[in-house]
Amino acid sequence: MPCRSLLATISLLLALVSLAGPARAGELASLVAADYERHLGALFTHFHQNPELSGMEYKTAARLATELRNAGFEVTEGVGGTGVVALLRNGPGPLVMMRADMDGLPLEEKSGLPYASRAQQVDPSGEEVFVMHACGHDVHITSLVGTARLMAAQREQWSGTLMLVGQPAEERIVGARTMMEDNLWQRFGQPDYALAFHVSAQLPAGQLGVTEESPYSGADTVDIIVHGIGAHGASPHEGVDPVVLGSQIVLALQTVVSRDLAPRDAGVITVGAFHAGSKHNIISDRAHLQLTVRNDDLENRELLLAGIRRVAENMGRVAGLPEDKLPEVIVSERESVPPTVNDAPLTRQLRGVWSAHFGEQVFKEGKRKGMGAEDFGFFTTDPYIPSTYFAVGGTPAEDFVRAAEGAAPVPSHHSPLFRVVAEPAVTLGVEATVVALQELLQAPAP
1367 MPCRSLLATI
1377 SLLLALVSLA
1387 GPARAGELAS
1397 LVAADYERHL
1407 GALFTHFHQN
1417 PELSGMEYKT
1427 AARLATELRN
1437 AGFEVTEGVG
1447 GTGVVALLRN
1457 GPGPLVMMRA
1467 DMDGLPLEEK
1477 SGLPYASRAQ
1487 QVDPSGEEVF
1497 VMHACGHDVH
1507 ITSLVGTARL
1517 MAAQREQWSG
1527 TLMLVGQPAE
1537 ERIVGARTMM
1547 EDNLWQRFGQ
1557 PDYALAFHVS
1567 AQLPAGQLGV
1577 TEESPYSGAD
1587 TVDIIVHGIG
1597 AHGASPHEGV
1607 DPVVLGSQIV
1617 LALQTVVSRD
1627 LAPRDAGVIT
1637 VGAFHAGSKH
1647 NIISDRAHLQ
1657 LTVRNDDLEN
1667 RELLLAGIRR
1677 VAENMGRVAG
1687 LPEDKLPEVI
1697 VSERESVPPT
1707 VNDAPLTRQL
1717 RGVWSAHFGE
1727 QVFKEGKRKG
1737 MGAEDFGFFT
1747 TDPYIPSTYF
1757 AVGGTPAEDF
1767 VRAAEGAAPV
1777 PSHHSPLFRV
1787 VAEPAVTLGV
1797 EATVVALQEL
1807 LQAPAP
């Protein structure tokens, strides 16, 4: 449970600071560090040791809701499943949302941390599995609590309404959608701005990453059913081989990105699975291709999906299939997410504020080389809400040096070896979020 004496201490310190204006960087950092030592550190350990699977974050959501209530927020549970929405109304001004995802992954933790998770949970299929926070969501929700406590303690320094969202099932990219389907904006108000961050194992602790472009791509799950005409393996002329046809489709799909998509635009078509046949000497009558398709804007999404359909159907015609047996392209809309696109003016504004607060050296520059996806875009795409999604470093800089010298590589997200240093990740997450919220909650609503 939160330490009320600490909240009182924070309030007193902030009252003294406010006499001379907004807290300087060192003062804010000291307040966050004190809260980590007294409360947030133990809370992080609790969340880390008690992860829960996507859509099954019952205890996590309950603890998060309790923490936010104790910080003075009006809290609603059960939004879109296990989602949590907390509001703090503090006079006129904009409504600003900060989101943190809550779910863990079905992995057995092998990080070697003294507080490693040994939790197990029965998954939706009825199987008991190990669960761990292998993507840093424990950092996110702990930082959300720290943000709540600090913003509540310094109400005199901002005006407007703060909305904190604990989102379920990000790992299955369905949680944001289910919260929106539960009338999130109609029930609690549509934000004027939206924020989120992700702790990154590939970013040095103590540094921030932010881009004016798309930090996460849109993703589609696509199945291609390739019909054939079965025959004996010794008489291929009597059938149409779906294995050969499927292979031709796989190769032809590579031209959609290389020849249809503009050279400076990003896109990926990956065939992750190819299922066909049952025996050495049988030409089957069906093959099944499973694809993931990535985009950075909705226009290119349509281009890629149209290209997949064109290639699949016309390769079927090349193989001599009748029109009623052409390959079927099925897009799983429930497993599709839009890209997360940062609003450029807002992101420039926040980067300037962070630079003034932390110094320009806080930023780690670099290009995004993969096309990982996440579901935050459901909150900000339709209707459009200006948003900034940033990254917080989670790995000590010396670990990167050792890896470059031949030591073990830094474990990636979704690895059983995943580990981040909690204190600098949580405290920077809180401090950067509070600085951004203070900036946005000073101006009138747009």
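Counted the way our numbering counts, the sequence shown spans residues 1367 to 1812. C-beta atoms are modelled at their ideal positions from N, C-alpha and C, and glycine is treated no differently. Given the structure is predicted, the values throughout are model-derived calculations rather than measurements.
Taking each of H1412, L1471, T1448 in turn and checking the Cα distance to S1781, the smallest one comes out for L1471.
G1532 has its alpha-carbon roughly 6 Å from the corresponding atom of R1465. Taking C-beta atoms as the reference points, E1475 and A1482 count as a pair closer than 8 Å. In this structure, G1759 sits near L1569, with a CB-CB distance shorter than 8 Å. Taking every protein chain shown into account, the CB of D1748 has fewer than 16 other CB atoms within 10 angstroms, so this residue is exposed. Runs of beta strand (DSSP E) with 3 or more residues, each lying fully within the stretch 1516-1548, are found at 1526-1533, listed in chain order.
Within its own chain, the residues whose Cβ lies closer than 8 Å to the Cβ of A1518, once the five positions on either side in sequence are excluded, are L1373, A1437, G1438, F1439, L1454, listed in chain order. Taking a 10 Å sphere around the C-beta of G1638, we find fewer than 16 other C-beta atoms and assign the residue as exposed. Counting the other CB atoms within 10 Å of its CB gives P1534 a total of 16 or more, which places it among the buried residues. Look at L1454 here: in three-state DSSP terms it is strand. Y1582 counts as buried, since at least 16 other C-beta atoms from the protein chains shown sit within 10 angstroms of its C-beta.
Within its own chain, no residue has a Cβ closer than 8 Å to the Cβ of G1772 once the five positions on either side in sequence are excluded. If you look at A1560, you'll find it in the beta strand (DSSP E) that goes 1559-1570. When only Cα atoms are considered, L1655 and V1622 end up about 16 Å apart.
Put simply, the backbone Cα of H1412 is about 11 Å away from that of V1505.
For G1541 and G1682, the gap between their C-alpha atoms comes out near 37 Å.
Straight through space, the alpha carbons of I1649 and G1575 are spaced by roughly 52 Å.
Beta-bridge partners of I1674 (DSSP): none assigned.
In this structure, the alpha-carbon of L1550 lies about 24 Å from that of D1663.
In the three-state reduction of the DSSP assignment, Q1727 falls in the helix class, which pools H, G and I.
R1700 and E1740 have their C-alpha atoms roughly 13 Å apart. Contiguous beta strand (DSSP E) elements confined to the stretch 1422-1492 occur at 1440-1445, 1449-1456, 1461-1467, 1486-1488, taking only those with 3 or more residues. Exposed is the label assigned to E1726, since fewer than 16 other Cβ atoms lie within 10 Å of its Cβ. The Cβ atoms of T1587 and G1555 do not sit closer than 8 Å to each other. Inter-segment contact for the stretch 1703-1720 and the stretch 1749-1756 is present: three or more beta-carbon pairs are separated by less than 8 Å. Its chain contains G1572, Q1573, L1574, W1720, S1721 as the residues whose beta carbon lies nearer than 8 Å to that of V1728, once the 5 sequence neighbours on both sides are disregarded; these appear in chain order. Approximately 13 Å separates the beta-carbon atoms of V1592 and G1605; this is outside 8 Å, ruling out the contact. H1603 sits exposed, since fewer than 16 C-beta atoms from the chains shown fall within 10 Å of its C-beta. Per DSSP, the unbroken alpha helix (DSSP H) holding Q1415 starts and ends at 1407-1415. Distance check between A1757 and each of G1502, T1442, G1421 places G1502 closest, using alpha-carbon atoms only. A straight line joining the alpha-carbon of L1473 with that of Q1486 spans about 9 Å. Ranked by Cα distance from G1447, the options M1545, E1418, P1762, N1708 are led by M1545. Residue range 1694-1703 is occupied by the beta strand (DSSP E) that includes V1697.
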